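Protein chains in written order, with this note's numbering: chain A, 3 to 199; chain B, 3 to 199. Note that beta-carbon positions come from the ideal geometry of N, C-alpha and C, so glycine has one too. Bear in mind that the values here come from a model prediction, so they are computed numbers and not experimental data. To start, the structure itself, in C-alpha cells.
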DNA sequence: TATATAACTGATTAATCAGTCAGCCTAACT
DNA sequence: AGTTAGGCTGACTGATTAATCAGTTATATA
C-alpha cells in the first residue's frame, strides 16, 4: 500500500471516530509515520483530504452492493427485500467506519456549498434507496409483495435500518437485538396479503 | 429573560447548527451582546455550557410530551400510535434545534465518559421509546393492535421516525413527502389482522 | 554515471480559541 | 453616605493547528 493510500485509510478511521474538526492533520500523519507536511503534499488541504475519504467510501459502498447482487439469486422479491436488509446491517457492522462517517453531520454541512460532496452523498443514498426499491418492484411483479409505492416504501425501510444503525453507533440501543423483530415487521408490512407465501 | 438564559438559548442554536467544535465561546457571547468572559462567568467551561444546553433540551422534550398526553384522549391504541408519531414529527419541525443537536455525534461521544450526559440522552430516548410502547400496549388491550413485542416494535418505530427526521435535517429526503406512506405502513404493520378497524 | 522528477520533511507562521484575572459598575442593604 | 456582593468586562495567555516553504532524499530514466 502506498503512503498516499496509508494516509487515506488513517484519515477515514480518524474522521469516522473523532470527526472532522477533532482530527488534526498531525494526527493523520502520526498514524502513518509520516510528517504532517507529507499529508499536505498528497492532499492540498484538510477539506480535500476529507473529500477523498468520502469519495473512497462511496466507491467502497457501490462496489460492495454490486458484488452482492452479482453473486446472489433470490426466490422472490420479498426474500430479496429481507436479504438486502440483512446485508445492509452486516455491512454496517463490517465496515463500521463508513457508516460512522455518514452518521456525522459534517459531510451534510459541507454538501451545502460543495457540489462534489453533495454528489457523493446523493450517490451513496440513491444506491441504498435503489436496492430496496428494486426488491419491492420485483416482489410486486412476482406477487410476493403488495401494491405499495416502491420508492416511498423503500425510503421508509432505509429510514428504519439507517436509524437502527445510528442507534447502535451511538450506543443507544443494539441493532442486533431488534433484528428478528425488524424482519418480521418488514414481512408483515410488505407481504401480499392476498396470498400465503 | 436573564442574560444567563440568553446565553443558554444562543448556545442551543449554535451547538445545534454548527456543532460543538465549530462554535466558539466568543460567538455565543457575540450573539447575546455580551463579552466572552461573561459566558465563563455563568458557565465554568464550554463542556458545562453544552451539558446545560442538553439538560434544557431534555426538560423541553419531556415537558412537551407530558403536556401532549395530558390534553389528548385517544379512541384506541392504534389511533394513539399514529397520533403520537404525528406529534413527534410535528415537534421535530417546530423545535428543529433540539433534534439537530440530538443528530450530532458529539453528545454520544461525550456520554462515553460523562455520566450526566449519558443520563440526559437515556432520559430523552427512553421518553421516545416509552410513548410508542404505551400506545402499542394500549392497542393490544383494546384489540386494535396485533400481538407484537411492544418494546421492540416501539424501538423500530422510533428508528423509522428518527431516521426520517435525520434525512430531513441532512437535506437528503423530505420527511413530509413520506408522511402519508409512513402512517399507512404503521397501520399495516401494527393493526390487528383478525378484525376490521 | 548524470540528471530530472517525484516523494518527503523540519522548521516556521499566522490565526484561532478556551480559559483567566484584576478590576469596574450597579443595586441593595445598613 | 458607606459597604458589600453579584454581574459583567477588556486585556491577556498558552496551547493548538492548518498551511507554507525551502531544502533533502529516493527513484527512475537517459
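Taking the C-beta atoms as reference points, residue 26(B) is found no nearer than 8 Å to residue 80(B). Here the stretch 113-128 of chain B makes no contact with the stretch 137-145 of chain B; the two share fewer than three CB pairs at distances below 8 Å. For a Cβ distance threshold of 7 Å, residue set 183 of chain A lies close to residue 151(B), ordered along the chain. Contact of residue 119(B) with chain A by beta-carbon distance below 9 Å is absent, the smallest such distance being about 12 Å. By the neighbour-count criterion, in which 16 or more other beta carbons inside 10 Å mark a residue as buried, residue 74(B) falls on the exposed side. A Cβ-Cβ separation of about 6 Å places residue 54(B) in contact with residue 10(B) under the 8 Å criterion.
Counting C-beta pairs with one atom in each stretch, the stretch 155-167 of chain B and the stretch 160-179 of chain A have three or more that are closer than 8 Å, which means they touch.
In the structure shown, residue 18(B) falls within a helical segment according to DSSP collapsed to helix, strand and coil. Listed in chain order, the non-local C-beta contacts of residue 152(B) below 6 Å within the same chain comprise 135, 138 and 139, local neighbours out to five positions each way being set aside.
Taken through DSSP and simplified to helix, strand or coil, residue 131(B) comes out as helix. The shortest CA-to-CA distance from residue 182(B) to any of 37(B), 84(B) and 59(B) is the one to 84(B). Non-local beta-carbon contacts of residue 30(B) in its own chain, meaning distances under 7 Å to residues more than five positions away in sequence, involve 9, 12, 13, 16 and 41 in chain order.
At a cut-off of 8 Å between C-beta atoms, residue 116(A) does not count as an interface residue with respect to chain B. Distance from the Cα of residue 109(B) is smallest, within the candidate group 3(B), 22(B) and 6(B), for 22(B). Residue 147(A) is bridged by DSSP to 193(A).
Non-local C-beta neighbours of residue 133(B) in its own chain, meaning closer than 7 Å and more than five positions away in sequence, comprise 67 and 86, ordered along the chain. Taking 8 Å as the threshold, the shortest C-beta distance from residue 105(B) to chain A falls below it. The beta-carbon distance between residue 18(B) and residue 99(B), rounded to whole angstroms, is 4 Å. This is short enough to meet the 8 Å contact definition.
For a Cβ distance threshold of 8 Å, residue set 183 and 187 of chain B lies close to residue 155(A), ordered along the chain.
Neighbours of residue 180(B) in chain A, taken as residues at a C-beta separation under 7 Å, are given in chain order as 154, 157 and 158.
Within the same chain, 31 come within 8 Å of residue 37(A) by CB-CB distance, once the 5 residues on both sides are set aside. Residue 161(B) reaches chain A at 162, 165, 166 and 169, counting residues in chain order whose Cβ is nearer than 7 Å. The DSSP-derived three-state label of residue 174(A) is coil. Here residue 70(B) has 89 as same chain residues with Cβ atoms under 7 Å from its own Cβ, once five neighbours each way along the sequence are excluded. The shortest CA-to-CA distance from residue 144(A) to any of 58(A), 77(A) and 65(A) is the one to 77(A).
Look at residue 70(A) here: in three-state DSSP terms it is helix.
With a threshold of 8 Å between beta carbons, residue 141(B) makes no contact with chain A. Taking C-beta separations shorter than 7 Å and ignoring five residues to either side along the sequence, the partners of residue 188(B) in its chain run 83, 84, 87 and 159, following chain order.
When 148(A), 72(A), 96(A) and 129(A) are compared, the shortest CA-CA separation from residue 167(A) is found for 96(A). Contact with chain A is found for residue 23(B), since one of that chain's Cβ atoms lies less than 8 Å from the residue's Cβ.
For residue 103(A), the enclosing alpha helix (DSSP H) starts and ends at 98-104. Secondary structure of residue 26(A) (DSSP, three-state): coil. In chain order, 110, 123, 124 and 127 make up the part of chain B whose C-beta sits under 9 Å from the C-beta of residue 174(A).
Taking the Cα of residue 24(B) as reference, the smallest distance to any Cα among 52(B), 164(B), 43(B) and 46(B) is reached at 52(B). The continuous alpha helix (DSSP H) containing residue 108(B) extends over residues 108-113.
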